[in-house]
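**Student:** Have a look at this one.
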Amino acid sequence: MEIIQGGVTAAKGFKAAGLAAGIKKKNGKKDMAMVVSEKPCVTAGTFTQNRVFAAPVKWDRDIVYNQEYSQAVVVNSGIANACTGVEGDNACALEAETAAEALGIPAKSVLLGSTGVIGMQLPMDVMCEGIKKLPYLLDSTLEAGTLAAEAIMTTDTRDKQVACTVEIGGKKVTVGGMCKGAGMIHPNMATMLCFITTDVAIEKKALQKMTSEIVSDTFNMISVDGDTSTNDTALVMANGLAENPVITEDSEEYGVFYEALFYVFRELSKKIAGDGEGCTCLFEVKVKGAVDKENAKILAKSVCTSNLTKCAIFGHDANWGRILCALGYSGADFDPEKVDIFFESEAGSLQIVKDGVATDYSEEKATEILSKNPVTAVCDVKMGDATATAWGCDLTFDYIKINADYRS
């Protein structure tokens, strides 16, 4: 696998665009993006498990689960189109119809995404004008992909893009993606908005199976604030232009593409966690030696989502008792008297707990390690062979400031 620079335009046959349509009237920032494939794509997706879900989630579920192909995505930021009733559903239909007419494709091949304030109706005159302009700006360049990645941001401080290539059946296959997310981030599907494009030839069933499994170990292992969004959507579009032998669930090359798709999902997940609202660092929690994978995941998530632990990371304080406590209330099976805990960063590695009690570690060295970005806590519970990793961030004063006046 080769890591390359790029995002949704990295794979063959994909173009993107982003512009300021006028949805975010306060600041004039880009607020609408479009991604289009020159050929129809088999499509996989995962969506929020929040019982309050946005109109575009309903629209996309229907396409992913009931349609053979998709070909384009239209995304807006600033307004979530969530809790908007029949008017919100009608807005989705009009968005898709407007894009379909502009692109010359079926309306049921147009996927949608929205992010922003919940409860507001989309300004459809502004939306439709933006949709009509976007096709003229479409390009396959990195710059065009970056404009699209910037247009879907809300409280994000930077765009989030990842791409890589692998060889499958003698053909170069490219996978690239973009995502947004910094708040309302919690593991319960695939957090916030993610769009991944690839030129691989793959059966829809195989792509959906792969996507669902990978999301479980990537987006479902990140948390910023414990709030699961109404709009969470992760979509993977594959147009087959790499012309590799078609991948099925039984293909020898299934694992090769799985590795590439996993890399893109994982790196995008880390970019979201590391850009959590107000955060100063990415906080990674690795659990080793669990009795099984499920227990490992529960333990890692429990530490990663502990507000007390997140505050300690912000304060560069090696308060290991908070980590052991979070492991203890997780509900997972382990023996506290066997646990080893390490802190790691570019400043080094330091064991702070051995068999459930503190080592004679240097507080100064611990502070040095915790002052870097990212910071990793390694918890070895010594009960078995299973491992899991969760990603989050520190909890800072700025998180409250950002969310106290999000609408005003």
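So the sequence shown is numbered by the numbering used here: it starts at 1 and just counts up by one.
Backbone N, C-alpha and C define an ideal beta-carbon position, used for all residues, glycine too.
Computed from a predicted structure; not experimentally measured.
From what residue to what residue does the alpha helix (DSSP H) around glycine 328 run?
**Tutor:** In the sequence shown, counting from the first residue as 1, residue 328 sits at position 328. Unbroken alpha helix (DSSP H) run through glycine 328: 320-328.
**Student:** Pull up the CB-CB distance for cysteine 83 and glycine 119, whole angstroms please, since I reckon it's below 8 Å.
**Tutor:** What you label residue 83 is simply residue 83 of the sequence shown in a count that begins at 1. What you label residue 119 is simply residue 119 of the sequence shown in a count that begins at 1. With a Cβ gap of about 5 Å, cysteine 83 and glycine 119 count as contacting.
**Student:** Which runs of the beta strand (DSSP E) at least 3 residues long sit entirely within the stretch 185-252? Give them in chain order.
**Tutor:** Fully enclosed beta strand (DSSP E) runs of 3 or longer: 193-198, 233-238.
**Student:** Note the first and the last residue of the continuous beta strand (DSSP E) segment covering threonine 98.
**Tutor:** Counting from one through the sequence shown, the residue named residue 98 turns up at place 98. Run containing threonine 98: none in the beta strand (DSSP E); it sits in the alpha helix (DSSP H), 85-103.
**Student:** Distance, Cα to Cα, alanine 190 vs glutamate 294?
**Tutor:** Here residue 190 refers to the residue found at position 190 of the sequence shown. Here residue 294 refers to the residue found at position 294 of the sequence shown. At alanine 190, the pLDDT of 41 sits below 50, so the modelled position is not reliable; the number obtained from the coordinates is stated separately. Approximately 18 Å, taken between the alpha carbons.
**Student:** Once the 5 residues before and after isoleucine 3 are set aside, which same chain residues still bring their CB inside 7 Å of it?
**Tutor:** Taking the first residue of the sequence shown as position 1, residue 3 is located at position 3. Around isoleucine 3: Cys164.
**Student:** Rounded to a whole number of angstroms, what is the C-alpha to C-alpha distance between cysteine 194 and glycine 177?
**Tutor:** Indexing the sequence shown from 1 puts residue 194 at position 194. Indexing the sequence shown from 1 puts residue 177 at position 177. Looking at the two C-alpha atoms, the distance is approximately 7 Å.
**Student:** Within its chain, find whatever has a CB closer than 6 Å to the CB of phenylalanine 334; leave out the 5 residues flanking it on each side and keep chain order.
**Tutor:** The sequence position of residue 334 within the sequence shown is 334, counting from 1. Here the set comprises Val381, Met383.
**Student:** Which residues does DSSP list as the beta-bridge partners of tryptophan 391?
**Tutor:** For this step, residue 391 is matched to residue 391 along the sequence shown. According to DSSP, which records beta bridges pairwise, tryptophan 391 is partnered with Ile222, Glu284.
**Student:** Spatial neighbours of valine 246 within its chain, please: C-beta separation below 7 Å, excluding the five flanking residues on both sides.
**Tutor:** Translated into the one-based positions of the sequence shown, residue 246 becomes position 246. Cβ within range, chain order: Ala201, Ile202, Glu203.
**Student:** Compare the C-alpha of isoleucine 168 against each of Thr309, Thr43, Asn244 and name the closest.
**Tutor:** Numbered from 1 along the sequence shown, position 168 holds the residue referred to as residue 168. If we check each option's Cα against that of isoleucine 168, Asn244 comes out closest.
**Student:** Let me know if glutamate 260 comes out buried or exposed under the rule of 16 or more other beta-carbons within 10 Å of its beta-carbon.
**Tutor:** Locating residue 260 in the sequence shown gives position 260, where the first residue counts as 1. Residue identity differs from the one stated: residue 260 is alanine in this sequence, not glutamate. Flag for alanine 260 reads buried.
**Student:** Ignore the nearest five residues each way along the sequence and tell me which others in valine 256's own chain have a CB closer than 7 Å to its CB.
**Tutor:** What you label residue 256 is simply residue 256 of the sequence shown in a count that begins at 1. Closer than 7 Å at the Cβ level, and outside the excluded window around valine 256, lie Val166, Ile168.
**Student:** Could you tell me the boundaries of the alpha helix (DSSP H) in which isoleucine 402 lies?
**Tutor:** Mapped onto the sequence shown, residue 402 falls at position 402. Residues 397-404.
**Student:** Using only the alpha-carbon positions, how far apart do glutamate 337 and phenylalanine 265 sit?
**Tutor:** Stepping through the sequence shown from its first residue, residue 337 is reached at position 337. Stepping through the sequence shown from its first residue, residue 265 is reached at position 265. When rounded, the distance between both Cα atoms is 35 Å.
**Student:** Pairs of beta-carbons, one from the stretch 119-131 and one from the stretch 14-30, closer than 8 Å: are there three or more?
**Tutor:** A contact exists between the stretch 119-131 and the stretch 14-30.
**Student:** What three-state label does DSSP hand alanine 144 in the structure shown?
**Tutor:** Residue numbering aside, residue 144 sits at position 144 when the sequence shown is read from its first letter. Reduced to three states, the DSSP call for alanine 144 is helix.
**Student:** Alanine 44 and glutamine 208 - do their beta-carbons sit closer together than 8 Å?
**Tutor:** As a position in the sequence shown, residue 208 is number 208, starting the count at 1. As a position in the sequence shown, residue 44 is number 44, starting the count at 1. A contact, by the Cβ cut-off of 8 Å.
**Student:** Determine the extent of the alpha helix (DSSP H) in which lysine 365 is found, giving its start and end residues.
**Tutor:** Residue 365 sits at position 365 when you count from the first residue of the sequence shown. Per DSSP, lysine 365 belongs to the alpha helix (DSSP H) from 363-370.
**Student:** Let me make sure I understand the geometry here. Which of Glu150, Thr309, Gly104, Ala388 has the alpha-carbon closest to that of proline 40?
**Tutor:** Position 40 of the sequence shown holds residue 40. Ranking the options by Cα distance to proline 40, first place goes to Gly104.
**Student:** In angstroms with no decimal places, state the Cα-to-Cα distance between cysteine 179 and leucine 134.
**Tutor:** For the purposes of this step, residue 179 is taken as the residue at position 179 of the sequence shown. For the purposes of this step, residue 134 is taken as the residue at position 134 of the sequence shown. Computed Cα separation, rounded: 19 Å.
**Student:** Please list, in chain order, all residues of the same chain as tyrosine 263 whose beta carbon is under 7 Å from its beta carbon, the five residues on each side excluded.
**Tutor:** In the sequence shown, residue 263 corresponds to position 263, counting from 1. Met1, Cys164.
**Student:** Please classify glutamate 68: does DSSP put it in a helix, a strand, or coil?
**Tutor:** To locate residue 68, count along the sequence shown from 1; it is residue 68. Of the three classes helix, strand and coil, the one that applies to glutamate 68 here is coil, per DSSP.
**Student:** State the Cα-Cα distance for the pair lysine 30 and valine 75, rounded to the nearest angstrom.
**Tutor:** Mapped onto the sequence shown, residue 30 falls at position 30. Mapped onto the sequence shown, residue 75 falls at position 75. If I take the Cα positions, the gap works out to 11 Å.
**Student:** According to DSSP, what are the bridge partners of phenylalanine 343?
**Tutor:** Within the sequence shown, residue 343 is the residue found at index 343, counting from 1. Note: phenylalanine 343 sits in a beta bridge opposite Leu350, Ala377.
**Student:** How would you write the range of the beta strand (DSSP E) that valine 291 sits in, first residue to last?
**Tutor:** For the purposes of this step, residue 291 is identified with residue 291 of the sequence shown, where counting begins at 1. Here valine 291 belongs to no beta strand (DSSP E), and DSSP marks it neither H nor E.
**Student:** Can you give me the C-alpha to C-alpha distance between serine 70 and alanine 377, rounded to a whole angstrom?
**Tutor:** Position 70 of the sequence shown, counting from 1, holds the residue named residue 70. Position 377 of the sequence shown, counting from 1, holds the residue named residue 377. One C-alpha to the other measures close to 41 Å.
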